[in-house]
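Numbering (my numbering), first residue to last: 2 to 161.
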C-alpha cells in the first residue's frame with residue numbers, strides 16, 4: 002500500500018509504525034474503526050509528544066509494543082495515547098523536521114514493512130532519496146493535532 006495516497010495525517014503515514022511490533026502491518030490497524038493518529042491534542046496538551054490513535058471503538062489497537070498510557074472518550078471517538086519508544090526518539094525528531102532521508106535504517110525498514118511497500122513504492126523514494134521530495138510531505142503541527150472538544154469541557158461551558 003502507498004500510505005502517501007491516504008487521506009490521513011502524516012503522523013499516521015510516518016509515525017504510526019513506531020508503536021507497533023515488528024510483525025505488524027497496516028492491516029492490523031486500518032479498519033473501519035480507525036479514524037487517524039496525531040502527536041498533539043489541542044484540549045489536552047499533556048498528551049503532546051505522544052502518539053494518539055483515534056478509533057470509533059473502545060478496543061485498543063492490537064500488535065502494539067506497549068499498552069496505551071491513557072485512554073479516553075470524546076463523543077464517539079476513543080483516543081489511545083502511546084509513548085514514543087526511546088529508541089525511536091531520533092526518528093521522531095527527523096520526521097517532525099521533514100528529514101525522512103536521515104531516519105535510521107532500522108526504522109525505514111520497519112516503516113516499509115508496516116506499509117507493505119516494495120522498491121517501487123513512492124514511500125521508498127521519500128525515505129531513501131536525498132531531495133526536496135520529502136518537503137512535499139510537510140509535517141505541519143496544526144494538521145497533526147487532535148481538535149475534538151472533550152465532553153467534560155462541553156459540560157463546563159454549558160454547551161452540551
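Positions of the beta carbon are idealized from the N, C-alpha and C atoms, including for glycine.
Exposure of residue i, with buried meaning 16 or more beta-carbon neighbours within 10 Å
| i | result |
| --- | --- |
| residue 142 | exposed |
| residue 144 | exposed |
| residue 120 | exposed |
| residue 22 | exposed |
| residue 41 | buried |
| residue 25 | buried |
| residue 109 | buried |
Collapsed DSSP secondary structure at residue i in the structure displayed
| i | result |
| --- | --- |
| residue 65 | strand |
| residue 21 | strand |
| residue 87 | helix |
| residue 16 | helix |
| residue 103 | helix |
| residue 72 | strand |
| residue 160 | Because the pLDDT at residue 160 is just 46, under 50, the model does not fix this residue reliably, and the point stays unresolved. |
| residue 146 | strand |
| residue 38 | strand |
| residue 130 | coil |
Nonlocal neighbours in the same chain, by C-beta distance under 6 Å from residue i, ignoring five residues either side
| i | result |
| --- | --- |
| residue 89 | 19 |
| residue 76 | none |
Same chain, Cβ closer than 7 Å to residue i, five either side skipped, listed in chain order
| i | result |
| --- | --- |
| residue 125 | 113, 118 |
| residue 35 | 56 |
| residue 1 | Given a span of 2 to 161 for the chain in the structure shown, any question on residue 1 remains unanswerable. |
Cα-Cα separation between residue i and residue j, rounded to whole angstroms
| i | j | result |
| --- | --- | --- |
| residue 116 | residue 96 | 16 Å |
| residue 84 | residue 146 | 16 Å |
| residue 2 | residue 29 | 13 Å |
| residue 92 | residue 111 | 12 Å |
| residue 51 | residue 140 | 15 Å |
| residue 46 | residue 129 | 33 Å |
| residue 70 | residue 82 | 6 Å |
| residue 101 | residue 127 | 7 Å |
| residue 78 | residue 61 | 12 Å |
| residue 49 | residue 16 | 14 Å |
| residue 104 | residue 94 | 9 Å |
Residue i CB to nearest heavy atom of the ligand PLP below 7 Å
| i | result |
| --- | --- |
| residue 106 | Here there are no bound small molecules, and the ligand PLP is not part of this structure. |
Residues sharing a beta bridge with residue i, DSSP
| i | result |
| --- | --- |
| residue 52 | 83 |
| residue 78 | 75 |
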